[in-house]
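Protein chains in written order, with our numbering: chain A, 964 to 1300; chain B, 964 to 1300; chain C, 964 to 1300; chain D, 9 to 114; chain E, 9 to 114; chain F, 9 to 114.
This report refers to the structure that appears directly beneath it.
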Amino acid sequence: MSALSNLLIPAVLFFALGFIARAIKSDLRVPPDLAKVLSIYLLMAIGLHGGYALGKADLAMAFNSVLWAIILGFALPLIGYALLLMTRKVDHMNSAAIAAHYGSVSAGTFLTAIAYLDNLNIGYESYPVIMLAVMESPAIIVGLLLASWSRQRLAVSANGGGTAIIQRGGMGNGQLGGLLHEAFTNGSVIILIGSMFIGAVASPASMEKLSPFVDDIFMGVLCLFLFEMGMEAARRIREFRKVGPVLLVFGIVMPLIGGAIGLLVGGLVLDMSVGGTLLVGVLGASASYIAVPPAMRLAVPEANPSFYLTLSLGITFPFNVIIGIPLYHALAERIVG
Amino acid sequence: MSALSNLLIPAVLFFALGFIARAIKSDLRVPPDLAKVLSIYLLMAIGLHGGYALGKADLAMAFNSVLWAIILGFALPLIGYALLLMTRKVDHMNSAAIAAHYGSVSAGTFLTAIAYLDNLNIGYESYPVIMLAVMESPAIIVGLLLASWSRQRLAVSANGGGTAIIQRGGMGNGQLGGLLHEAFTNGSVIILIGSMFIGAVASPASMEKLSPFVDDIFMGVLCLFLFEMGMEAARRIREFRKVGPVLLVFGIVMPLIGGAIGLLVGGLVLDMSVGGTLLVGVLGASASYIAVPPAMRLAVPEANPSFYLTLSLGITFPFNVIIGIPLYHALAERIVG
Amino acid sequence: MSALSNLLIPAVLFFALGFIARAIKSDLRVPPDLAKVLSIYLLMAIGLHGGYALGKADLAMAFNSVLWAIILGFALPLIGYALLLMTRKVDHMNSAAIAAHYGSVSAGTFLTAIAYLDNLNIGYESYPVIMLAVMESPAIIVGLLLASWSRQRLAVSANGGGTAIIQRGGMGNGQLGGLLHEAFTNGSVIILIGSMFIGAVASPASMEKLSPFVDDIFMGVLCLFLFEMGMEAARRIREFRKVGPVLLVFGIVMPLIGGAIGLLVGGLVLDMSVGGTLLVGVLGASASYIAVPPAMRLAVPEANPSFYLTLSLGITFPFNVIIGIPLYHALAERIVG
Amino acid sequence: MHRLFPEKLVTVITSDVLEDQLVGRVRNRGASGYTVVRARGAGSSGEQSGMLDIDTNIKFHVIIPSERLSGLLDDLEQLINKGHHLTVFVSDVSVLGPEKYSESME
Amino acid sequence: MHRLFPEKLVTVITSDVLEDQLVGRVRNRGASGYTVVRARGAGSSGEQSGMLDIDTNIKFHVIIPSERLSGLLDDLEQLINKGHHLTVFVSDVSVLGPEKYSESME
Amino acid sequence: MHRLFPEKLVTVITSDVLEDQLVGRVRNRGASGYTVVRARGAGSSGEQSGMLDIDTNIKFHVIIPSERLSGLLDDLEQLINKGHHLTVFVSDVSVLGPEKYSESME
Ligand SMILES: Nc1ncnc2c1ncn2[C@@H]1O[C@H](COP(=O)(O)O)[C@@H](O)[C@H]1O
Ligand SMILES: Nc1ncnc2c1ncn2[C@@H]1O[C@H](COP(=O)(O)O)[C@@H](O)[C@H]1O
Ligand SMILES: Nc1ncnc2c1ncn2[C@@H]1O[C@H](COP(=O)(O)O)[C@@H](O)[C@H]1O
Ligand code: NA
Ligand code: NA
Ligand code: NA
């Protein structure tokens, strides 16, 4: 029933429309910058919204959510990394890069979940928004650490790891610092945290003036955004041959694991409502395709981008949007109810 | 009187403003992707709108409109092709490519007509929207058929048409199929049909949430879009020297013929209200500058793009927006009243 | 107090956020065309708004404002030019190009002032909008005249000014005409004047339909615009080393002078309300970074763009947004009250 | 000193509606990849302002081993003979890591 | 083997405010067309981030028969002498269908 | 006749996340400037559609005096050895006003 309702949400339908348009090889071309602009808007809107709510929220609870967001951000990549190595089909560097994506989150999936809840008139707490903002950074850091650690092990195994020395050297002289810097000054983190701050300090009257832009047209913009993301997902899923069955399975199993952990954290640890729990579940289940990929390109050049992009954007993203969200919702009701 | 009122509609005034800005060689530069983004929005909005209305409309009537849209889409290019050849000034390939544009429609003109009706508080049926979506494809197909037919005749006349064999060969091995595919998976068709479907199936509550984006800001976005289209029209009309007096006349006579046929179909065959009749008239009168030109570039490379672009965008489009719409309105009142 | 309130306006906060994002070297990338699209929207919105108000305003008063806008546009660059030469640190050509920027205005600063007034619920007249539109052109013209005048003096001093002849020749054969043409057909002038005209002639009913796009979402779009402008200001301010202390001081002193003159004109000559006076003050204080720089690049190629861009965008703009506006407000209250 | 190796760089400027066809052809000819840059311009087929989907150009680049060059040029000439408007030129370039350009796209 | 013909490709990198002037000059010099690509960059006149109308560059390409090259270079040098910031370079390219480049834009 | 002077034009095609690193390196090598054009494409690291921040390429150009070329190529090879995907090629061009390219960015 909730699954059905999911498929009647315009946001999800537009995602499907975009997906189909690409799948049937329509010549539909969307300007290259549209998705970028829309995601800036969406991050700004959700940030202002969440910040405004947080302004009135319980600080202890907020702190608690942040803490658990960090824990999730560190734990999930480690789990993913272990799983990938266990398959014996993915090398260390690709495992590190891929795993990092699952510690972070997909704003698109998160927003779809919000559209899903709005559509069912289910309320939700504002804390998950701040968790969304927090979870990018730890994931990137773990990814970097896993990568440089693997790099060293590879260097040792390869006797006289000349390249490895170059690598560590490279890492040594400021590059690691630069990447940590990136982890915390990442563009989407800045917009999200900044907008939340503004939403928290701005006067209600001035927020009132922003509401038509930030609230009223939000759902329509989200539809347009998901329409394009559907096209991008379909573009990526074509490459699933390249990633092979093992990664394909991982792209579906990992969100289930992450989602389950997220649901438990949301429902039992932070004991949120069904809505909030679903959102935390989505944070756990979803994989970043905005902040983490560029960081991995820079820091883990040995990894093949088409692996982690296909997984996060082509497989996990559509899985979460179409199947995951209603599923996590059902589970959230079990856990909370 | 209606002509005057036409010139007091912001949408039309912004079209004129853009036209003038280019005409006086203002250095005004609009980002290259703005028009593309706005037309995606407009197609999405009008599709959702029309689909929502169609959801409650009479299916037989809808089917009827689709049928007549197809008939118009096939008939108008044939008329145009015959007219162009009769002039003895335009070769077969250019005639085929140009004619195809007049079987299809201009969303910009259609939306201006809607703004015109809204401004006069005249109601209209939702069927013309679905006709808008349907009419792209047949026009493209006729264009292709006319072109390959002319190509063969040319090949025969030229004894030993080596190139012609290449051509047919080219057409043979999948290219024609590819072009039919394009006729039906054309980007704007996908957005329009898809949005109509979504509008038809989505719950009223969820459509409610989209309304600020889809309805409230619609007219403002249309003004911005027509502002830029005015600039593009002025850019094209400069090249009218190239097309010569014959084509110039065709660019004004053909919309009158197509408009008259459309009005009769709308008013007498589908017996719609004055508003609906005007819209069908505009469907008949307007020439595509979105879907058809790329298809013709691909399928009829022998034709000179600056001919059909100048005609549809530089001559017929402004003629319809400034003079045509109020004229068709007057005629619609005669036919229906 | 007003200074504090200034820093709680979302628009200003977003400017600061963008500034900080760039200052801490965030990897945040904004699509290159976003600012261009947003400023087209903002000019269109403010134009329609102002035109609609002007439609009901006192023509004599409007004419008076235009007159004084022209006077300001001519006078301020002359003052700036004299000041810069007095420093003996800036050559003639750079002085001419820089000075021209201060005769013109910054739409971003003007709109921030409007957001500031709205936030304090202070009313303002519609005349400053038309002054905004008028002030671009004279500034450009003065810049050109100062430049070609300096050029001739330089040519004379340099015995046998071969280049100077080329220059004057260049100026002679149509180029000056071309630049005057640009001064009056400048893109932002066209949008602003055109939208004002449309706002003035359009029926209230049709303006009603535009209101959601033009009024309701205005403040939100402004926030997004200022967010990006903050990033650009921070990008430019980095180059302040290049411009040196003298220009740095000029970038802060000149707006104070221009602001004072503007406040006197607004409050005493045109005797407007506190709100209107503040806006005229901002017109005087702000420096163009849209219309004038391209004109100077074309007409005064000898001047170094990084000087005038750093000054207007990197120094004067943030100074006005953060410190200037509340300061001018305080002064406006003294002058008017 | 650096080991730089000679390769052929083929550049095609044309309407973006031909992009898929160009990509298909370089794939078949075993190129290791391609690069597309968006462009505007003017020529015998009029102005391509790049403002609308209907008048945008692309600048298409492919580095291809000289032995595969001739075949690719055949394809491009065929397009031109059909009436398409292509501006095609070949430049001599020196690349780092030539092996990269001999592996065709999987 | 293919008939490839030598031509000169002139590339100009500068602020986009000069586009109209460049187009005018290549027209007068009888070029058959031109191609413009949007660019950013940095140089002696500072950074051109391409974020605002005031700091966007263009990369302007024109293939021109060698006999018309010198005149075009005169025009470009004149712009440079006036103080404009132009990065100009000429490359040797081999084109398909050279006749195309000798017909000037109508 | 015109005084055209030979220079080396280095072109790098890669993901735009490397832009800052490329800019830093050409600065250190004393280039007088650089030019960046946005690009899409495909290669061994898959398709770069240019639709998202995560899959956009740049085409990076720098004209550099031949004596500084080798050092820059060292830097680029180092990036490639780390695993980054760079398409690098060097072309011979003739420039107007060669002195321009010997002054490094302040
Ligand atoms: N002489 C030229 N130099 C540079 N680009 C050209 C030239 N001629 C044509 N082009 C480009 O090739 C496209 C097609 O040219 P045409 O086939 O002449 O219509 C034009 O839109 C230009 O972008
Ligand atoms: N050495 C260089 N290599 C590549 N492009 C350059 C170089 N120097 C300057 N440019 C480009 O030319 C533009 C103007 O340079 P400039 O005249 O030095 O201000 C810059 O914005 C760059 O895009
Ligand atoms: N043979 C080629 N010709 C032109 N561009 C290429 C070629 N191979 C790769 N590229 C470009 O270089 C980028 C990185 O290529 P790769 O290192 O093969 O992943 C691709 O996205 C293309 O834009
Ligand atoms: Na996750
Ligand atoms: Na038609
Ligand atoms: Na001023």
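Idealized CB from N, CA, C, for every residue including glycine.
Within chain E, the residues whose beta carbon sits less than 8 Å from that of Asn65 (chain D) are Thr43, listed in sequence order.
Its chain contains Ser1236, Gly1238 as the residues whose beta carbon lies nearer than 7 Å to that of Gly1086 (chain B), once the 5 sequence neighbours on both sides are disregarded; these appear in chain order.
Distance from the CA of Gly1018 (chain B) to the CA of Gly981 (chain A), rounded to the nearest whole angstrom, comes to 22 Å. Closer than 8 Å at the C-beta level to chain C, one finds these residues of the stretch 1147–1180 of chain B: Pro1175, Asp1179, Ile1180.
Shortest gap from the CB of Gly51 (chain F) to any heavy atom of ligand 3: under 7 Å.
Around the beta carbon of Gly1183 (chain A), 16 or more other beta carbons lie within 10 angstroms, which makes this residue buried.
DSSP links Phe68 (chain E) through a beta bridge to E:Val20, E:Val44. For Ala39 (chain F), no chain D residue has a C-beta closer than 7 Å to its own C-beta; the minimum C-beta separation is roughly 17 Å.
Around the C-beta of Lys1205 (chain C), fewer than 16 other C-beta atoms lie within 10 Å, and the residue is accordingly described as exposed. Interface criterion not met: the Cβ of Asp1021 (chain A) is under 8 Å from no Cβ in chain C.
The DSSP-derived three-state label of Asp1054 (chain A) is coil. Beyond the five residues adjoining it in sequence on each side, Ser1100 (chain C) comes within less than 6 Å, by CB distance, of Ala1146, Phe1147 in the same chain, given in chain order. For the pair of segments examined, the stretch 1050–1062 of chain B was found not to touch the stretch 1287–1298 of chain A: the number of CB pairs separated by less than 8 Å stays below three. In the three-state scheme derived from DSSP, where H, G and I count as helix and E and B as strand, Pro14 (chain F) is classed as strand. Nearest CB-CB separation between Val34 (chain D) and chain B: not below the 8 Å threshold. Residue burial is scored here from C-beta neighbours: Ser1169 (chain C) has at least 16 other C-beta atoms within 10 angstroms and is therefore classed as buried.
With a beta-carbon spacing of about 16 Å, His69 (chain D) and Ser23 (chain D) fall beyond the 8 Å limit used to define contacts.
Listed along chain B, no residue sits closer than 9 Å to Gly79 (chain D) by beta-carbon distance, the nearest being about 17 Å off. Look at Ile21 (chain D): its beta carbon is less than 7 Å from one of the heavy atoms in ligand 1. The Cβ of Lys988 (chain A) sits no closer than 8 Å to any Cβ of chain F.
Cβ contact annotation for Ser74 (chain F) (same chain, cutoff 7 Å, sequence separation greater than five): Lys16, in chain order. Under the three-pair Cβ rule at 8 Å, the stretch 982–997 of chain A counts as touching the stretch 1188–1206 of chain A. Within the stretch 58–102 of chain D, the complete beta strand (DSSP E) segments at least 3 residues long are 65–72, listed from N- to C-terminus.
Taking a 10 Å sphere around the C-beta of Trp1112 (chain C), we find fewer than 16 other C-beta atoms and assign the residue as exposed. By the criterion of at least three beta-carbon pairs nearer than 8 Å, the stretch 1036–1044 of chain C is not in contact with the stretch 98–108 of chain E. Boundaries of the alpha helix (DSSP H) harbouring Glu1171 (chain A): 1167–1174, taken from the DSSP string.
Chain D has no Cβ within less than 8 Å of the Cβ of Met59 (chain E). Counted as a single uninterrupted DSSP element, the beta strand (DSSP E) harbouring Glu55 (chain D) occupies residues 54–56. Shown here for Pro1257 (chain B): not one same chain residue has a beta carbon closer than 7 Å to its own, the five before and five after excluded. In the structure shown, Gly1229 (chain C) falls within a helical segment according to DSSP collapsed to helix, strand and coil.
Relative to ligand 5, even the nearest heavy atom lies 7 Å or more away from the CB of Ser78 (chain D).
Chain order gives the chain D residues near Ile88 (chain F) as Leu104, Gly105, where near means a beta carbon separation below 8 Å.
Per DSSP, the beta-bridge partners of Gly51 (chain F) are F:Gly54. Residue burial annotation: Arg1116 (chain B) is exposed, with fewer than 16 other C-beta atoms found within 10 angstroms of its C-beta. Each residue's CA atom was taken as its position, placing Leu1227 (chain C) and Gly1221 (chain C) some 10 Å apart. Short of 7 Å from the beta carbon of Tyr1065 (chain B), and not among the five residues preceding or following it, lie these beta carbons of its own chain, in chain order: Leu1039, Pro1040, Gly1043, Met1217, Gly1221, Ala1250.
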